[in-house]
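Following the working numbering, the numbering of the sequence shown begins with 13 at its first residue and continues without gaps.
We put the CB at the ideal spot given by N, CA and C, even for glycine.
One structure is given below, encoded as structure tokens.
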Amino acid sequence: MIVKDGEYLDFNTVPESQGISKQALIIVGIGIFMIFVIGGLSIGFSGYGHVWPSQQSMRVDMGKMNH
């Protein structure tokens with residue numbers, strides 16, 4: 013940024029970081045929590061709609077299907 017030389021007070025100091033804001037930490041925390049929730053739901057519902065063992069599952073002879 014270009015400013016007049018008189019506007020600089022001290023060239024020997026480095027500005028200190030304010031750190032990560034509380035709102036950003038909350039958003040990151042909610043995001044990580046949601047990743048685990050979605051992963052848990054995926055694992056929990058992974059068996060839904062599946063029949064196992066395969067002897068009980070539906071077997072369709074693809075060669076005899078009517079088109």
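In terms of residue numbering, what span does the alpha helix (DSSP H) encompassing residue i cover?
i, result
"PHE48", "34-56"
Measure the C-alpha to C-alpha separation of residue i and residue j and round it to an integer number of angstroms.
i, j, result
"GLY51", "VAL26", "43 Å"
"VAL49", "GLY31", "28 Å"
"ILE38", "ASN24", "35 Å"
"SER33", "VAL40", "11 Å"
"ILE47", "GLY61", "23 Å"
"PHE45", "GLY59", "23 Å"
"GLN35", "GLY56", "31 Å"
Who are the Cβ neighbours of residue i in its own chain at under 7 Å, not counting the five residues just before and after it?
i, result
"SER29", "none"
Excluding sequence positions up to five away, which residues of its chain have a Cβ less than 8 Å from the Cβ of residue i?
i, result
"LEU53", "none"
Looking only at its own chain, which residues have a Cβ that is under 6 Å from the Cβ of residue i, when we skip the five neighbours before and after it?
i, result
"GLY43", "none"
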